[in-house]
Amino acid sequence: MALLYGLIWRLLLALVRIKRATVSWLRVRLRTWKGRFWQRTMAALLLPVPVAEFKQKKADANQSSDGDGDGKGAGSRPSRWISDGISLEKLPVHIGLVVAEEELSYTDIANMVVWCMAVGVSYVSVYDHHGIFQKNNSSLQEEIVKQQHHLLGGDDSTFNMELLKNGTDKPQHFVVSCRPIVKVLSPEDGKHSIVQAARKLCHSVEKKEWSSKDISVSVLDVLLRESKNIPDPELVVKFGAVNSTLGFLPWHIRLTEFVSLPSHKNVSYEDLFGALQHYSACHQRLGQ
């Protein structure tokens, strides 16, 4: 009898498990069938909507946001750039544009300067290894002003800028002083500045204004920052195939994030914003 009860008990357990498995299978199949049913139903309902009409609306929206050749729709672009800057988790205060190419495009550099201004960057440094931009900073200034009017649709009063000269860091007399600040740099502002600061310290020791014990890295750092009067760049976008910083502010880029792009010519806003997104997503441990 005990053996018979045991067999009956096992049979009942097996039936219960089969029932549970069957119910679970039916639930899954029913849920899947319902999902497919509703998907097909919604597809059948929406399919008659003309696809061409949807594409035309999308094209009209893109055209209204980008504007055409005569500048229409330019008013929406600054709003987009400002919102893009706000959307970033962190935005560099100082961004450097390092061009490692032989042929330079003033228009493309001016475009990037204006984009940086629009997203909220306070300092923009423009650098090339031969110092051509610095030698022709008036031409660069004119191109930046021109692109301000073109890209900002004439409403550029909020995004005025200050173009600094080399050495004295005094704004040119024809530029209204406001933010952001554009600094045109050359190799003279890199290693040469360190050499000048070291010579200044040596002359101070020679004149007994300082003692050799007073000279330290922090003192040299103070001298270099007084001569530049700008914060360290958090982000540098380098253009060209050369894997080098080309002498760009060697003292100030210890913690700088570098992003390389193939060329500065025909660069788009999406390219620059992609570099900003890369910087925003990177985690800097700062030596930890």
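Per mature numbering (1 follows the signal peptide of the UniProt record, and there is no 0): the sequence shown = residues -21 to -1, 1 to 267.
We put the CB at the ideal spot given by N, CA and C, even for glycine.
Note that the coordinates shown come from a computational prediction; the quantities given were computed from them, not determined experimentally.
Task: Pair within 8 Å by beta-carbon distance, F112 and V103 - done: Working through the sequence shown from its first residue, we reach residue 112 at position 133. Working through the sequence shown from its first residue, we reach residue 103 at position 124. Going by C-beta atoms, F112 is not nearer than 8 Å to V103.
- [ ] For the beta strand (DSSP E) holding S104, just list the boundary residues, first then last.
- [x] Locating residue 104 in the sequence shown gives position 125, where the first residue counts as 1. First-last of the beta strand (DSSP E) with S104: 102 to 107.
TODO: Report the three-state DSSP secondary structure of H73 (helix, strand or coil).
DONE: By 1-based counting over the sequence shown, the position of residue 73 is 94. H73 falls in the strand class under three-state DSSP.
Open item on the list: Can you tell me whether V78 is helix, strand or coil according to DSSP?
Closed with: Within the sequence shown, residue 78 is the residue found at index 99, counting from 1. V78: strand per DSSP, three-state reduction.
Task: C-beta contact flag for G226 and S242 at 8 Å - done: Here residue 226 refers to the residue found at position 247 when the sequence shown is read from its first residue. Here residue 242 refers to the residue found at position 263 when the sequence shown is read from its first residue. No, these two residues do not count as a Cβ contact at 8 Å.
Open item on the list: Three Cβ pairs or more, each shorter than 8 Å: is that satisfied between the segment 88 to 102 and the segment 58 to 65?
Closed with: yes
Task: Same chain, Cβ closer than 6 Å to V93, neighbours up to 5 away in sequence not counted - done: What you label residue 93 is simply residue 114 of the sequence shown in a count that begins at 1. Hits under 6 Å: Q126, Q127, L130.
Task: Residue burial classification, S117 (beta-carbon count within 10 angstroms, cutoff 16) - done: Walking along the sequence shown from the start, residue 117 turns up at place 138. It counts as exposed.
Task: Beta-carbon spacing of L214, T235 below 8 Å - done: In the sequence shown, counting from the first residue as 1, residue 214 sits at position 235. In the sequence shown, counting from the first residue as 1, residue 235 sits at position 256. A contact, by the Cβ cut-off of 8 Å.
Open item on the list: Taking DSSP's pairing of strands, which residues face S239 in a bridge?
Closed with: Here residue 239 refers to the residue found at position 260 when the sequence shown is read from its first residue. Looking at the DSSP assignment, S239 forms a beta bridge with K217.
- [ ] Express the C-alpha separation of G110 and L164 in angstroms, rounding to a whole number.
- [x] Here residue 164 is taken as the residue at index 185 of the sequence shown, counted from 1. Here residue 110 is taken as the residue at index 131 of the sequence shown, counted from 1. Approximately 7 Å, taken between the alpha carbons.
TODO: Go through its chain and collect everything with a Cβ distance to S191's Cβ below 7 Å, but skip five positions before and after it.
DONE: Residue 191 sits at position 212 when you count from the first residue of the sequence shown. Same-chain partners within the cutoff: V184.
- [ ] Assign S172 to one of two classes, buried (16 or more other C-beta atoms within 10 Å of its C-beta) or exposed (fewer than that).
- [x] Looking up residue 172 in the sequence shown gives position 193. By the 10 Å Cβ count, S172 comes out buried.
TODO: Would you mind working out which of D250, V216, N245 sits nearest V78, comparing C-alpha positions?
DONE: By 1-based counting over the sequence shown, the position of residue 78 is 99. Cα-wise, what sits closest to V78 is V216.
Task: Backbone secondary structure at L164 - three-state DSSP - done: In the sequence shown, counting from the first residue as 1, residue 164 sits at position 185. Of the three classes helix, strand and coil, the one that applies to L164 here is strand, per DSSP.
TODO: Would you mind sorting A254 into buried or exposed? The rule is 16 or more other CB atoms within 10 Å of its CB.
DONE: Residue 254 sits at position 275 when you count from the first residue of the sequence shown. By the neighbour-count rule (16 or more Cβ atoms within 10 Å), A254 is buried.
Open item on the list: What does the alpha-carbon distance come out to for the pair I123 and D87?
Closed with: The residue you call residue 123 lines up with position 144 of the sequence shown. The residue you call residue 87 lines up with position 108 of the sequence shown. Computed Cα separation, rounded: 10 Å.
- [ ] Check whether the Cβ atoms of P229 and H73 sit closer than 8 Å, and answer yes or no.
- [x] In the sequence shown, residue 229 corresponds to position 250, counting from 1. In the sequence shown, residue 73 corresponds to position 94, counting from 1. No, these two residues do not count as a Cβ contact at 8 Å.
Open item on the list: Considering only the alpha carbon of each residue, which of L180, E188, K187, K186 lies closest to S195?
Closed with: Residue 195 sits at position 216 when you count from the first residue of the sequence shown. Comparing Cα positions, the closest option is L180.
TODO: Taking the CB atoms as reference points, tell me whether I209 and K162 lie closer together than 8 Å.
DONE: As a working mapping, residue 209 is identified with position 230 in the sequence shown. As a working mapping, residue 162 is identified with position 183 in the sequence shown. Cβ distance < 8 Å, so I209 and K162 count as in contact.
Task: Spatial distance of G50 from P57 (CA atoms) - done: For the purposes of this step, residue 50 is taken as residue 71 along the sequence shown, with counting starting at 1. For the purposes of this step, residue 57 is taken as residue 78 along the sequence shown, with counting starting at 1. Note that G50 has pLDDT 40, beneath the 50 cutoff, so the model's placement of it is unreliable and no number is given.
TODO: Classify L119 as buried or exposed, calling it buried when 16 or more other Cβ atoms lie within 10 Å of its own Cβ.
DONE: Residue 119 sits at position 140 when you count from the first residue of the sequence shown. Burial call: buried.
Task: Closest by C-alpha distance to L76, when choosing among E188, V238, V174 - done: Numbered from its first residue, the sequence shown carries residue 76 at position 97. Here the closest residue by C-alpha is V238.
- [ ] Using 10 angstroms around the beta-carbon of T1, count the other beta-carbons present and answer buried if the total reaches 16, otherwise exposed.
- [x] Sequence index remark: in the sequence shown, residue 1 carries index 22 (1-based). So T1 ends up on the exposed side.
- [ ] Grab me the residues of E249's own chain with a C-beta within less than 8 Å of its C-beta, minus the 5 sequence neighbours each way, in chain order.
- [x] Within the sequence shown, numbered from 1, the residue matching residue 249 stands at position 270. Answer for E249: no residue qualifies.
Open item on the list: If you reduce the DSSP assignment to three classes, tell me which class S191 lands in.
Closed with: Locating residue 191 in the sequence shown gives position 212, where the first residue counts as 1. Note: S191 maps to helix in three-state DSSP.
- [ ] Can you have a look at L70 and say buried or exposed, based on whether 16 or more other CB atoms are within 10 angstroms of its CB?
- [x] By one-based count along the sequence shown, residue 70 stands at place 91. Answer is buried; the Cβ neighbour count reaches 16.
Open item on the list: Can you tell me whether K51 is helix, strand or coil according to DSSP?
Closed with: Mapped onto the sequence shown, residue 51 falls at position 72. Residue placement at K51 is poorly supported in this model, since its pLDDT is 42, which falls under 50; the coordinates are not used for a value here.
- [ ] Give the secondary structure of L(-11) by DSSP, where H, G and I count as helix, E and B as strand, and everything else as coil.
- [x] Translated into positions along the sequence shown, residue -11 becomes position 11. Three-state result, L(-11): helix.
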